[in-house]
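S.K.:
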Amino acid sequence: MTSSGPTPNCGVRTSVTDPRIPTVDLRLWLSGDPAARAGIAESVDRALRSAGFLLVTGHGVDPGLRGEIRDAARDFFRLPERQKEPYAVKVGGRGWLGPGAEANAYAEGIETPPDLKESLSFAAEDPTGDPAVDAEWFLPNTWPAEAPHLRDLVEAYLARMRTLCDQLLELLGVALGEPEDFFTRHTTHPTWGFNINWYPGRDRVGDPRPGQFRIGPHTDFGTVTVLDRQEGKGGLQVFTDPEDGGAGWEDAPYDPEAFTINIGDLMARWTGDRWRSGRHRVLPPPADVPAEELISLVYFYECDPGTAVRGIDSHTYLRAQLDAITAD
Numbered sequence: 001m002t003s004s005g006p007t008p009n010c011g012v013r014t015s016v017t018d019p020r021i022p023t024v025d026l027r028l029w030l031s032g033d034p035a036a037r038a039g040i041a042e043s044v045d046r047a048l049r050s051a052g053f054l055l056v057t058g059h060g061v062d063p064g065l066r067g068e069i070r071d072a073a074r075d076f077f078r079l080p081e082r083q084k085e086p087y088a089v090k091v092g093g094r095g096w097l098g099p100g101a102e103a104n105a106y107a108e109g110i111e112t113p114p115d116l117k118e119s120l121s122f123a124a125e126d127p128t129g130d131p132a133v134d135a136e137w138f139l140p141n142t143w144p145a146e147a148p149h150l151r152d153l154v155e156a157y158l159a160r161m162r163t164l165c166d167q168l169l170e171l172l173g174v175a176l177g178e179p180e181d182f183f184t185r186h187t188t189h190p191t192w193g194f195n196i197n198w199y200p201g202r203d204r205v206g207d208p209r210p211g212q213f214r215i216g217p218h219t220d221f222g223t224v225t226v227l228d229r230q231e232g233k234g235g236l237q238v239f240t241d242p243e244d245g246g247a248g249w250e251d252a253p254y255d256p257e258a259f260t261i262n263i264g265d266l267m268a269r270w271t272g273d274r275w276r277s278g279r280h281r282v283l284p285p286p287a288d289v290p291a292e293e294l295i296s297l298v299y300f301y302e303c304d305p306g307t308a309v310r311g312i313d314s315h316t317y318l319r320a321q322l323d324a325i326t327a328d
């Protein structure tokens, strides 16, 4: 494509729901057009300074693959609990996180009932050769025999996520005014996590307790999160600070073609708090749609073990935060 000059919103459109959260067409970022890249980088910087969220289209990830993952995971989640129990793990493990396992608001010091969700959790497993690091961060994943097609589907998806996240981190490096490899030089052998989150309806979990959410208010802990979500009444909300002109809690903008991207605490720290870790929550299952069931695919991308982020060890911090959200 050609351009007659810099255009601040070239390759970017703002959401009618929340103009603080733009939609970025990644194809225009990857095209190499200087004007488009400059406009995208400026819009990304502006968004991450306020809400900490973006929508990204043009990512090239097949929607059919995402649908097949949901179908395979749903079959597992709907099994009787006794069939899922052999795969049960604690937060940070590889396997099934059952009802009551997490309370994400604990990370903010808020005492809430456990989150109303179940998850299948996977994480990095290719060993580094360092026994201590591998024993904590690079263990084999567990694949339920009751979902025989899930592994191939998820592994195909994870390969796309790794590529996408490095592309996003290159964009973020430029948006920060740094070289394109400012972040990716620290992702040669990164840790990552992938959760398939199942949010059953009230017809399965009953009425929420006071202060109970599908996921309580929190910020993510790492660098970049890539969320593929479904629209629903009991869906994602984001928080923008009213003191800075924000709206408080409001429904996140939704585009079925887009991934929802947010940055986490480590990324905010990495930028000297220029950027804001995106605070969010997932609403309780709605009373007026008691059978509403949603499944989200959530990929958490981190950095290489041992990476120091402005004086703190990145993975010591990550482990402490995972421990913090473990429900009692």
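Under our numbering, the residues of the sequence shown are numbered 1 to 328, in order. For every residue, glycine included, the Cβ atom is placed at its ideal position computed from N, Cα and C.
(1) Residue range of the alpha helix (DSSP H) that residue 236 falls in?
(2) If you draw a straight line from the C-alpha of residue 190 to the C-alpha of residue 167, how long is it?
(3) Mind listing, in chain order, the continuous alpha helix (DSSP H) runs of no fewer than 4 residues lying wholly within the region 89-120?
(4) Just to confirm before moving on: does the CB-CB distance between residue 183 and residue 169 stay below 7 Å?
(5) Counting C-beta neighbours from all protein chains within 10 Å, is the total for residue 16 16 or more, i.e. buried, or is it exposed?
(6) Rounded to whole angstroms, how far is the Cβ of residue 41 from the Cβ of residue 20, which I believe are closer than 8 Å?
(7) Below 8 Å on the Cβ atoms is my contact criterion, and I expect residue 115 with residue 123 to pass it. Report the Cβ-Cβ distance as a whole number of Å.
(8) Provide the residue span of the alpha helix (DSSP H) that contains residue 76, from first to last.
(9) If the criterion is Cβ atoms closer than 7 Å, does the pair residue 55 and residue 268 meet it?
(10) Would you call residue 278 buried or exposed, if buried means 16 or more other Cβ atoms sit within 10 Å of its Cβ?
(11) When you compare only the Cα positions, how much space is there between residue 236 and residue 212?
(12) So, under 8 Å CB-CB, residue 291 and residue 106 are touching, yes? Tell me the CB distance rounded to an integer number of Å.
(13) Specify the secondary structure class of residue 39 as computed by DSSP and reduced to three states.
(14) Are the beta-carbon atoms of residue 299 and residue 194 separated by less than 7 Å?
(15) Taking a contact to mean a Cβ-Cβ separation below 7 Å, would you say residue 317 touches residue 165 in this structure?
(16) Does residue 39 pass the burial test, meaning 16 or more other C-beta atoms within 10 Å, or should it be called exposed?
(17) On the DSSP letters alone, give me the boundaries of the beta strand (DSSP E) that residue 190 sits inside.
(18) Following a CB-centred definition, is residue 163 positioned closer than 6 Å to any heavy atom of the ligand ADP?
(19) I believe residue 81 touches residue 98 by the beta-carbon criterion, under 8 Å. Please report the beta-carbon distance rounded to the nearest angstrom.
(20) Taking the continuous beta strand (DSSP E) assigned at residue 296, which residues delimit it?
(21) Residue 6 by DSSP, collapsed to three states: which one?
(22) Less than 8 Å between C-beta atoms, sequence neighbours within five positions excluded: which residues of the same chain meet that for residue 285?
(23) According to DSSP, what are the bridge partners of residue 263?
(24) Tell me which residue opens and which closes the alpha helix (DSSP H) that residue 232 is part of.
(25) Hey, would you say residue 25 sits closer than 7 Å to residue 60, going by beta carbons?
(26) Taking the alpha-carbon of residue 334 as reference, which of 48, 156, 197 has the nearest alpha-carbon?
(27) Assign residue 274 to one of two classes, buried (16 or more other C-beta atoms within 10 Å of its C-beta) or exposed (fewer than that).
(28) So, with DSSP's three-state summary, where would you put residue 86?
(29) What span of residues does the alpha helix (DSSP H) with residue 204 cover, start to end?
(30) Going by beta carbon distance, what residues of the same chain come within less than 6 Å of residue 4, once the five residues before and after it are set aside?
(31) Please report the straight-line C-alpha distance between residue 64 and residue 311, rounded to a whole angstrom.
(32) Do the CB positions of residue 228 and residue 66 come within less than 7 Å of each other?
(33) Beta strand (DSSP E) containing residue 248: first to last residue?
M.R.: Result, derived from the coordinates:
(1) Run containing residue 236: none in the alpha helix (DSSP H); it sits in the beta strand (DSSP E), 236-240.
(2) Approximately 14 Å, taken between the alpha carbons.
(3) none
(4) yes
(5) Low confidence applies here, because residue 16 scores a pLDDT of 35, under 50, leaving its location unreliable; read the following figure in that light. Answer is exposed; the Cβ neighbour count stays below 16.
(6) In this structure residue 41 does not touch residue 20 by the C-beta definition: roughly 17 Å separates them, more than the 8 Å allowed.
(7) Not a contact, Cβ separation roughly 19 Å.
(8) 63-77
(9) Contact: no.
(10) buried
(11) 14 Å
(12) The Cβ separation is near 29 Å, so there is no contact.
(13) helix
(14) yes
(15) no
(16) Residue 39 comes out buried.
(17) Note, residue 190: premise wrong, no beta strand (DSSP E); not H, not E.
(18) The ligand ADP is not part of this structure, which contains no ligands at all.
(19) With 8 Å as the limit, residue 81 and residue 98 qualify as a contact, their Cβ atoms being about 7 Å apart.
(20) 294-301
(21) Confidence at residue 6 is low in this model, with a pLDDT of 32, below 50, so the placement of that residue is unreliable and no value is reported for it.
(22) 116, 199, 200, 201, 202, 205, 208, 214, 234, 292
(23) 224
(24) Looking at the DSSP string, residue 232 is not in any alpha helix (DSSP H), and its letter there is neither H nor E.
(25) no
(26) Look at the range of the chain in this structure, 1 to 328, and you will see that residue 334 is not part of it.
(27) exposed
(28) The three-state reading of DSSP puts residue 86 in helix, counting H, G and I together.
(29) 202-205
(30) Only weak support exists for where residue 4 lies, its pLDDT of 33 falling under 50; the value from the coordinates is given anyway. Hits under 6 Å: none found.
(31) One C-alpha to the other measures close to 42 Å.
(32) Contact flag set, yes.
(33) 248-251
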